[in-house]
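Here the structure is laid out as structure tokens; the discussion comes afterwards.
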Amino acid sequence: GALKTFGQETLTYQTPSKEIHDLVDVSLAPSVVMDDAKDFMIFLYRDDAYKSIADLSSEELRLAGLRIDPKTNIGSRISYYNNLKVQDLRTDPVTLIQVRGLPNNAKLANIKFSPDQKKIAMTQTTSSGVEVWYVDLSTFEAKRLTEAKSNANLGQVIHWFKDSENLLVKMIPNNRLALINSKSAIPSGPTVSVSNGREAPNRTYQDLLKNKNDEHNFEQLALSELHKVSLKGSSVLWLAGAMYQDISFSPDGEYLMISAIKRPFSYLVPNSRFPSTRVIYTKEGNKVSKVAETPLIEDLPKGFMAV
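Using my numbering, the letters of the sequence shown correspond one by one to residues 111 to 417.
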């Protein structure tokens with residue numbers, strides 16, 4: 111009789127020849143940002159133009175126009191910097207200084223100068239979440255300010271107070287509910303869309319909500335508390351949890367305008383068209399007034415001039 115044999119071999123990813131590897135893996139030129147006074151040039155370095163296998167293998171949730179890594183609570187398609195160097199233009203000759211104290215295998219994003227232009231705040235994505243760090247341009251030292259509990263899923267995550275000594279940071283609420291695994295969850299009923307019969311031309315959008323499970327997951331991932339974080343390390347709750355979107359300080363730093371998404375959500379448009387409120391607060395967190403109440407916008411006509 112015939113003898114049949116079967117075998118498997120465990121293979122890892124293969125490395126191409128050095129010539130091809132060097133061509134693909136060439137280091138990118140750094141991005142450059144400068145302070146307002148043009149005293150410093152900040153060089154932002156990236157390893158290469160391609161994401162790692164680990165990054166590409168991470169879970170991605172596509173909800174209401176967002177693409178989120180639910181484990182780390184930041185955009186799943188974001189490009190990171192892995193190193194910072196500073197060129198001090200006040201010296202003669204000009205010197206290029208390596209920022210000290212950065213984490214190993216850094217994944218930096220959301221780079222923001224302080225109002226006095228003497229510090230830089232940024233996020234650092236770890237395997238479990240997003241931390242907030244800052245660099246003091248007088249010492250070129252990087253320091254960690256928060257644990258990996260910042261929420262970078264919706265809008266800007268960090269904002270400087272006018273004093274340049276404190277940051278307003280979106281943080282994950284302690285009472286956030288667990289996410290629903292839509293692949294295994296059994297629906298409790300059908301998804302029903304109701305039309306009012308009115309003609310409503312609209313664009314076709316990607317990554318929209320599809321059902322109640324998506325609604326739950328989007329709300330939990332969008333919920334944030336606002337914390338006032340001092341450069342000395344202290345953190346206090348500044349505003350209770352909501353789906354905070356945009357935050358804008360007044361020019362004098364005394365007031366903030368904060369927009370927050372609210373229900374009902376839509377399966378036809380992304381989160382930018384969901385209902386929202388805009389409220390003015392003092393820098394101490396006291397409510398001044400509500401300046402706008404925007405309803406759900408599902409029937410805005412096509413075109414960039416639509417209002």
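A virtual CB, placed ideally from N, CA and C, is assigned to each residue, including glycine.
Closest Cα partner of residue i within the set the options
i, options, result
"L349", "M281, D157, A402", "M281"
"E251", "D409, L264, A231, K338", "A231"
"R156", "P140, N291, M367", "P140"
"S294", "P283, N323, S382, R210", "N323"
"T404", "L318, T387, N381, K397", "T387"
"G343", "Q266, L255, L194", "L255"
"S178", "K195, K397, V143, V240", "Just to set this straight, residue 178 is Ile in the shown sequence, not Ser. When each option's Cα is compared against that of I178, the closest is V240."
"L319", "P126, K253, Y377, D362", "Y377"
"F359", "N381, S238, R210, S224", "S224"
"V279", "I296, Q330, D356", "D356"
"N263", "E364, I188, L194, S237", "I188"
"G265", "Y315, S238, D226, S382", "S382"
"S167", "S237, L121, S127", "S237"
"F384", "L366, A332, Y365", "A332"
Buried or exposed (CB count within 10 angstroms, at least 16 for buried), residue i
i, result
"D146", "exposed"
"Y244", "buried"
"A402", "exposed"
"H131", "exposed"
"E129", "exposed"
"E325", "buried"
"N261", "buried"
"N291", "exposed"
"L287", "exposed"
"K393", "buried"
"Y123", "exposed"
"L247", "buried"
"T233", "buried"
"V134", "exposed"
"G186", "For the sequence presented, residue 186 should be read as Ser rather than Gly. It counts as buried."
"I368", "buried"
Cα-Cα separation between residue i and residue j, rounded to whole angstroms
i, j, result
"T201", "H269", "30 angstroms"
"G175", "N276", "31 angstroms"
"K228", "K272", "12 angstroms"
"L212", "T249", "13 angstroms"
"F153", "A258", "25 angstroms"
"V136", "K372", "45 angstroms"
"N220", "G395", "24 angstroms"
"N215", "E408", "43 angstroms"
"V242", "Y190", "14 angstroms"
"E329", "T125", "43 angstroms"
"K222", "L410", "34 angstroms"
"Q118", "L347", "56 angstroms"
"E335", "L121", "46 angstroms"
"P283", "V379", "26 angstroms"
"F471", "D226", "The structure shown does not extend to residue 471, since the chain is modelled only from 111 to 417, so the question has no answer here."
"I296", "L406", "28 angstroms"
"Y315", "P300", "22 angstroms"
"Y365", "K195", "34 angstroms"
8 angstroms Cβ shell around residue i - same chain, five flanking residues per side excluded
i, result
"D198", "D149, F150, V204, T205, I207"
"N327", "L171, L173, P180, L289, I290, S292"
"S399", "V389, I390"
"N192", "Y155, R156, D157, N215, A216, K217, L218"
"D362", "K272"
"D317", "R172, L173, A174, G175, L176, R177, P380"
Beta-carbon proximity list for residue i, same chain, < 6 angstroms, skipping 5 on both sides
i, result
"S340", "N276"
"T235", "T182, I184, K217"
"S345", "H337, V339"
"V143", "I152"
Spatial neighbours of residue i in its chain, beta-carbon cut-off 7 angstroms, leaving aside the 5 residues before and after
i, result
"A370", "A352, M353, Y354, Q355, S386, T387"
Interface flag, residue i vs chain B, CB-CB below 8 angstroms
i, result
"L212", "As a matter of chain content, chain B is missing from the structure shown, which is built from one protein chain."
Within the stretch 154-202, ranges of the alpha helix (DSSP H) (whole runs, at least 4 residues): As far as the stretch 154-202 is concerned, its whole alpha helix (DSSP H) runs of at least 4 residues are 163-167.
Let me know the alpha helix (DSSP H) ranges lying completely inside the stretch 200-227, each 4 residues or longer, listed in chain order. Listed in chain order, there is nothing to give.
Minimum length 3: unbroken beta strand (DSSP E) runs contained in the stretch 360-389: Unbroken beta strand (DSSP E) stretches of 3 residues or longer found wholly inside the stretch 360-389: 365-371, given in chain order.
Would you list, in sequence order, the uninterrupted beta strand (DSSP E) runs of no fewer than 3 residues that lie entirely inside the stretch 244-288? Counting only runs of 3 or more, we get 251-254, 268-270, 276-281.
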